[in-house]
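First comes the structure, then the notes that go with it.
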Amino acid sequence: MVLEYESNIDIYLRMRPMSSNVAAYEVDEEAVRVQWLMPRQAVLGMANHQREHYNFSFTGIFDVDAKQDAVFENVAQKVILGALDGFNGTIFAYGQTGSGKTYTITGGAEHYVDRGIIPRAISLIFSELGTRSEYTYTMHFSYLEIYNETGYDLLNPDHETKELEDLPKVILLEDDDSKIHLRNLSTHLATNEEEALNLLFLGDTNRMISATPMNMASSRSHCIFTAYVEARKAGEDTVRRSKLHLVDLAGSERASKTGIDGQILKEAKYINLSLHFLEQVIIALHEKIQGKPRSHIPYRNSMMTSVLRDSLGGNCRTVMIATVSVAQDQLEETISTCRFAQRVAMVSNQVMLNEEVDPNFVIKRLKQEIKDLKMELKLLRGEDFDREPLTSTELNILKNQVTTYIQDTSPDAYLNCEASVLHVRAAFQILKDLLNESGAALHQKPAYGCSPTNEISSGSGSTLPLNETIQSLYHQLQQRDNEINILVSFIRKRESVKAKVHAFTQVQPQNGEGPGQIISEGKRSTSECATERTEGDEDSCTSRHLNGNMSMKVNKSGSDLKCPSNFPSDQKQAFELLPRERTAGSLA
Numbered sequence: 000m001v002l003e004y005e006s007n008i009d010i011y012l013r014m015r016p017m018s019s020n021v022a023a024y025e026v027d028e029e030a031v032r033v034q035w036l037m038p039r040q041a042v043l044g045m046a047n048h049q050r051e052h053y054n055f056s057f058t059g060i061f062d063v064d065a066k067q068d069a070v071f072e073n074v075a076q077k078v079i080l081g082a083l084d085g086f087n088g089t090i091f092a093y094g095q096t097g098s099g100k101t102y103t104i105t106g107g108a109e110h111y112v113d114r115g116i117i118p119r120a121i122s123l124i125f126s127e128l129g130t131r132s133e134y135t136y137t138m139h140f141s142y143l144e145i146y147n148e149t150g151y152d153l154l155n156p157d158h159e160t161k162e163l164e165d166l167p168k169v170i171l172l173e174d175d176d177s178k179i180h181l182r183n184l185s186t187h188l189a190t191n192e193e194e195a196l197n198l199l200f201l202g203d204t205n206r207m208i209s210a211t212p213m214n215m216a217s218s219r220s221h222c223i224f225t226a227y228v229e230a231r232k233a234g235e236d237t238v239r240r241s242k243l244h245l246v247d248l249a250g251s252e253r254a255s256k257t258g259i260d261g262q263i264l265k266e267a268k269y270i271n272l273s274l275h276f277l278e279q280v281i282i283a284l285h286e287k288i289q290g291k292p293r294s295h296i297p298y299r300n301s302m303m304t305s306v307l308r309d310s311l312g313g314n315c316r317t318v319m320i321a322t323v324s325v326a327q328d329q330l331e332e333t334i335s336t337c338r339f340a341q342r343v344a345m346v347s348n349q350v351m352l353n354e355e356v357d358p359n360f361v362i363k364r365l366k367q368e369i370k371d372l373k374m375e376l377k378l379l380r381g382e383d384f385d386r387e388p389l390t391s392t393e394l395n396i397l398k399n400q401v402t403t404y405i406q407d408t409s410p411d412a413y414l415n416c417e418a419s420v421l422h423v424r425a426a427f428q429i430l431k432d433l434l435n436e437s438g439a440a441l442h443q444k445p446a447y448g449c450s451p452t453n454e455i456s457s458g459s460g461s462t463l464p465l466n467e468t469i470q471s472l473y474h475q476l477q478q479r480d481n482e483i484n485i486l487v488s489f490i491r492k493r494e495s496v497k498a499k500v501h502a503f504t505q506v507q508p509q510n511g512e513g514p515g516q517i518i519s520e521g522k523r524s525t526s527e528c529a530t531e532r533t534e535g536d537e538d539s540c541t542s543r544h545l546n547g548n549m550s551m552k553v554n555k556s557g558s559d560l561k562c563p564s565n566f567p568s569d570q571k572q573a574f575e576l577l578p579r580e581r582t583a584g585s586l587a
């Protein structure tokens, strides 16, 4: 992100459609240029050198068929997103009365699609805040009305019940750093789009509107709707503060054409005078950019230019919408508006990121660090070992602090209690009691075969997803227990079978023969069979045992182990259960 850059004021032209008496003009979309045709007056005679064609270039041109959404996307969207990033922004409409300034800025009340820049900006701001989770945003809004060069707060709750003269006036103040402050101008917090729109509707109902020959609902005052954006990032001392001005200027008018008088004429004088001062500021800035010796910019001539000081030649990204009428009889005012827009386009602003260290936040953080260090030093010194146990009042305070800490879901949550051994032990005991009260009982181990059904809850009442994990672990533990029991039973059976086989291979001495010899029908001993195997004969031997009742053929692998049918049933079962390799090895 670029922290500082230079930017000229963007100018856009919007034409109000007319049903009849339309002036001749031509729009070049590629060059973004409009050409107005001023027909020569025949009464001036043959030598008439009156200018006929007037060409003006703009950043963008919206013809008579342009819609409100297209105007917002091209004119205001970048400025609004920049304000959320920390850059000041201003969007103001300038033009003749009845040319469509209020319709462009505020919108129409009949159809939803006729919403203007301000309500669409509010919707974009709060929809964008929902997608920016790295910062915490705070939005405040104000609505200033400058009527007859006097400021009023349109969001004042007494505005509807009191006369305009009885309302508190907004006073313009300036500090040593030439920063402008507005006394008696209230700012209101809005946490969602609905609250911000309610503030806008309240201010619009309090505006000064009168019927004139040019417009049946003419705005007789300048109105500035301001959004104050404050963005903080968790864990940082810096804060971004930016302002977004959405300005609906009152329209200029010629009393000689409209024939107004009385209060409307007085209002028109103040409107034209303030617009004249605005033009003087633009001319002075233009001359300064051209290098002419111009050190003074007459911002203080009017309240409007003083409030918009940053927007004109200051730290702000500014966009101007010049609204004109395409009527033939208003062509002179249209050309005058376009000329003013060309001078505004020459003004250059220095746009900077409004990021600064918040001293209040730094002081708060440093105080907390000092407190923590003092408590840690006290704990290391052991100054609380001889202290009396905590009183009931101290325990209640500590319990409230622990409960508040558990319920606080913000990343800056902190258990702000005294760091002593007594407090630490008491805090853990309170946390343990809260878990037991919620039915968790983490310190108790359920018996095997029991499915834990209690849910573990925090002090705020939110259920933690531990019960499913515990139940899965107990199921795995039961499976492992079953596997162990099966293995133990199998080992015991194998040892029993091994003992029986060993007993069968050991024969008691009979007929004077030595122990360990097998009485066979062919008088062949086990040692003889072993000798045959070692001498390379067959890989098997035949032994007859118990007068030929058992015949076994054992090879090296032990795969061919056969028991005769007349062998005892329990011994036969034991041989079948015994692994073939181990049985063959024992008989060999």
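Per numbering that gives the first Met the number 0, the sequence shown starts with residue 0, numbered consecutively. For glycine and all other residues, C-beta sits at the position ideal for the given N, C-alpha and C.
Roughly how many whole angstroms lie between the Cα atoms of residue i and residue j?
| i | j | result |
| --- | --- | --- |
| Leu307 | Asp9 | 16 Å |
| Ile60 | Glu355 | 38 Å |
| Thr333 | Phe91 | 17 Å |
| Asn147 | Ser19 | 34 Å |
| Asn7 | His285 | 11 Å |
| Met14 | His110 | 20 Å |
| Leu163 | Met207 | 10 Å |
| Ser273 | Gly94 | 13 Å |
| Arg342 | Phe86 | 24 Å |
| Arg316 | Ala120 | 16 Å |
| Asn548 | Asn481 | Residue confidence for Asn548 is low, a pLDDT of 42 falling below 50, so the modelled location carries little weight and cannot support an answer. |
| Leu243 | Ile79 | 7 Å |
| Thr103 | Leu201 | 19 Å |
| Glu192 | Gly129 | 11 Å |
| Ser241 | Pro38 | 48 Å |
| Arg479 | Leu486 | 11 Å |
| Ser126 | Thr160 | 35 Å |
| Ser305 | Leu430 | 58 Å |
| Lys77 | Ala69 | 13 Å |
| Ser488 | Lys499 | 17 Å |
Helix, strand or coil for residue i per DSSP?
| i | result |
| --- | --- |
| Ser457 | Summary for Ser457: the model assigns pLDDT 42, below 50, so the residue's position carries little reliability, and this model does not support an answer. |
| Ser301 | coil |
| Thr96 | coil |
| Ala195 | helix |
| Cys540 | Its pLDDT being 42, under 50, Cys540 is placed unreliably in this model, and the value from its coordinates should be taken loosely. In the structure shown, Cys540 sits in a strand (DSSP, three-state: E or B). |
| Ser18 | coil |
| Glu393 | helix |
| Glu173 | strand |
| Leu181 | strand |
| Met207 | coil |
| Thr89 | strand |
| Val423 | helix |
| Gly106 | strand |
| Glu354 | strand |
| Leu12 | strand |
| Val63 | coil |
| Met37 | coil |
| Ser50 | It should be noted that the sequence gives Arg, not Ser, for residue 50. Looking at Arg50 - three-state DSSP - the assignment turns out to be coil, as it is neither helix nor strand. |
| Arg316 | strand |
| Arg308 | coil |
| Arg479 | helix |
| Tyr323 | According to the sequence provided, residue 323 is Val. The question's Tyr does not apply to it. Three-state result, Val323: strand. |
Whose C-beta lies closer than 6 Å to the C-beta of residue i among residues of the same chain, with five residues either side of it excluded?
| i | result |
| --- | --- |
| Val246 | Phe91 and Ile223 |
| Val142 | Before going on, a small fix: residue 142 reads as Tyr here, not Val. Correct list, in chain order: Leu153, Leu154, Gly202 and Phe224. |
| Thr589 | A query on residue 589 cannot be resolved here, the shown segment of the chain reaching from 0 to 587 and no further. |
| Ala108 | none |
Take residue i and list the residues in its own chain whose beta-carbon comes closer than 7 Å to its own, dropping the five residues that flank it on each side.
| i | result |
| --- | --- |
| Thr101 | Ser218 and Asp247 |
| Arg231 | Tyr134, Thr135 and Val238 |
| Tyr269 | Asn147 and Glu148 |
| Ala425 | Leu389, Leu394 and Leu397 |
Please return the same chain residues whose Cβ sits closer than 8 Å to the Cβ of residue i, not counting the five positions on each side in sequence.
| i | result |
| --- | --- |
| Asp27 | Val33 and Gln34 |
So who's on the other strand from residue i, going by DSSP bridges?
| i | result |
| --- | --- |
| Gln349 | Glu5 |
| Lys168 | Tyr151 |
| Ser56 | Arg32 |
| Asp27 | Arg32 |
| His139 | Leu188 and Tyr227 |
| Tyr634 | An answer regarding residue 634 cannot be provided, because it is not within the stretch 0 to 587 covered by the chain. |
| Arg131 | DSSP output for Arg131 lists no bridge partner at all. |
I'd like to know if residue i contacts chain B, where contact means its C-beta is closer than 8 Å to some C-beta of that chain.
| i | result |
| --- | --- |
| Leu389 | Reference to chain B is not applicable here, since this structure consists of a single protein chain. |
message: Please give me, in chain order, every unbroken run of the alpha helix (DSSP H) with length at least 4 that falls completely inside the stretch 212-300.
response: 254-257 and 261-288
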